[in-house]
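Enquirer: Chains as they are written, first to last, in our numbering: chain A, 1 to 115; chain B, 1001 to 1114. Note that CB positions come from ideal geometry on N, CA and C, so glycine has one too. Okay, handing you the structure first.
Here is the structure:
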């Protein structure tokens, strides 16, 4: 199984809502990532977890809250988002998150619209 | 800081044409270099990679060589197919600070017509 599964595929939320994005992999990877991709732009790194510890936070606003309950699961909790947060949110995983030659496996993403 | 610059798209080609997508990078250390591809409505997939100078990555007829002297990693394919239509991202990764950080270029959209 070389898949990274993300749910939901689409999400529409209001600015006062609280929602969560979920990501799962069963490749035995110990690193998981959240990327944000605006239309016609490259993915931008948000967070990296390595061995269930938050390793990189790219100065992401606190309305985005990541959680890694175990090495197979990664969540992104959303609260009080703004319309400009509308984007495709991509989850990825890799072997350890500590080697520069690691291949990242990406999910298909959650397309988020904030109204 | 580290960065990746790709040629602007879109690139429009006829089937069986030769493809080159230029990519240059700026890095303080010795990064690994990658090409990822994104098909419509999907996430990214690794196409090929190179981890040190003069390495050549290849996959599915695509090739790219890690050129340290020109800080480049240009993607080439001798004969493109309609199914190659996608967005191609050049990327670099280093582990400065102990953790892998993958940085993407802006992406180049390729459209191949029959």
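(1) Using the C-alpha atoms, what's the distance from residue 1058/B back to residue 1028/B?
(2) Please name the residue, chosen from 102/A, 60/A, 37/A and 53/A, that lies closest to residue 72/A on a Cα-to-Cα basis.
(3) With DSSP collapsed to three states, give me the class of residue 1087/B.
(4) Mapping the DSSP letters down to three states, classify residue 1054/B as helix, strand or coil.
(5) Taking Cβ to Cβ, would you say residue 59/A is nearer than 8 Å to residue 48/A?
(6) So what does DSSP say about residue 1011/B, is it helix, strand or coil?
(7) Compute the distance between the beta-carbons of residue 1004/B and residue 1036/B, then report whether it is under 8 Å.
(8) Against residue 1099/B, what residues of chain A qualify as contacts under a CB-to-CB distance less than 7 Å, listed in chain order?
(9) Rank 1100/B, 1091/B, 1114/B and 1096/B by C-alpha distance to the C-alpha of residue 1033/B and give the top, closest one.
(10) Nearest by alpha-carbon distance to residue 1047/B: which of 1067/B, 1079/B, 1086/B and 1041/B is it?
(11) Determine the burial state of residue 94/A: buried for a count of at least 16 other Cβ atoms within 10 Å of its Cβ, exposed for fewer.
(12) Where does residue 1082/B sit, in a helix, a strand or coil, going by DSSP?
(13) Can the beta-carbon of residue 1104/B be found closer than 8 Å to that of residue 43/A?
(14) Let me check one thing: in DSSP terms, what residues is residue 13/A bridge-paired to?
(15) Give me the chain A residues within the contact set of residue 1094/B, using Cβ-Cβ distance strictly less than 9 Å, ordered along the chain.
(16) If you draw a straight line from the alpha carbon of residue 68/A to that of residue 19/A, how long is it in whole angstroms?
(17) CB residue 31/A to CB residue 1100/B, shorter than 8 Å?
(18) How would you label residue 1030/B, buried or exposed, when you count the other beta carbons within 10 angstroms and need 16 or more for buried?
Expert: Based on what the coordinates show:
(1) For the purposes of this step, residue 1028/B is taken as residue 28 along the second chain, with counting starting at 1. For the purposes of this step, residue 1058/B is taken as residue 58 along the second chain, with counting starting at 1. Using only the alpha carbons, I get a separation of about 25 Å.
(2) Counting from one through the first chain, the residue named residue 72/A turns up at place 72. Nearest C-alpha to residue 72/A: 53/A.
(3) Walking along the second chain from the start, residue 1087/B turns up at place 87. Looking at residue 1087/B - three-state DSSP - the assignment turns out to be strand.
(4) Here residue 1054/B is taken as the residue at index 54 of the second chain, counted from 1. Of the three classes helix, strand and coil, the one that applies to residue 1054/B here is coil, per DSSP.
(5) Locating residue 59/A in the first chain gives position 59, where the first residue counts as 1. Locating residue 48/A in the first chain gives position 48, where the first residue counts as 1. Not in contact: residue 59/A and residue 48/A (Cβ atoms no closer than 8 Å).
(6) Here residue 1011/B refers to the residue found at position 11 of the second chain. In this structure, residue 1011/B counts as strand in the three-state DSSP scheme.
(7) For the purposes of this step, residue 1004/B is taken as the residue at position 4 of the second chain. For the purposes of this step, residue 1036/B is taken as the residue at position 36 of the second chain. No; because the gap between Cβ atoms is not below 8 Å, this pair is not in contact.
(8) Start at 1 with the first residue of the second chain, and residue 1099/B comes out as number 99. Those within 7 Å of residue 1099/B in chain A are 48, 50, 55, 56, 97 and 98.
(9) Translated into positions along the second chain, residue 1033/B becomes position 33. Among 1100/B, 1091/B, 1114/B and 1096/B, the Cα nearest to that of residue 1033/B belongs to 1091/B.
(10) Taking the second chain and counting its residues from 1, one reaches residue 1047/B at position 47. Answer by Cα proximity: 1086/B.
(11) Counting from one through the first chain, the residue named residue 94/A turns up at place 94. With 16 or more other Cβ atoms within 10 Å, it is buried.
(12) Here residue 1082/B is taken as the residue at index 82 of the second chain, counted from 1. If DSSP states are grouped into helix, strand and coil, residue 1082/B belongs with the helices.
(13) What you label residue 1104/B is simply residue 104 of the second chain in a count that begins at 1. What you label residue 43/A is simply residue 43 of the first chain in a count that begins at 1. Yes, they are a contact pair.
(14) On the first chain, residue 13/A is found 13 positions in, with the first residue counted as 1. The partner list for residue 13/A (beta bridge, DSSP) reads 114/A.
(15) Taking the second chain and counting its residues from 1, one reaches residue 1094/B at position 94. Near residue 1094/B (Cβ distances below 9 Å), the residues of chain A are 100.
(16) By one-based count along the first chain, residue 68/A stands at place 68. By one-based count along the first chain, residue 19/A stands at place 19. Whole-angstrom Cα-Cα distance: 16 Å.
(17) As a first step, residue 31/A must be located in the first chain, where it is residue number 31. As a first step, residue 1100/B must be located in the second chain, where it is residue number 100. Going by C-beta atoms, residue 31/A is nearer than 8 Å to residue 1100/B.
(18) Within the second chain, residue 1030/B is the residue found at index 30, counting from 1. Under this definition residue 1030/B is an exposed residue.
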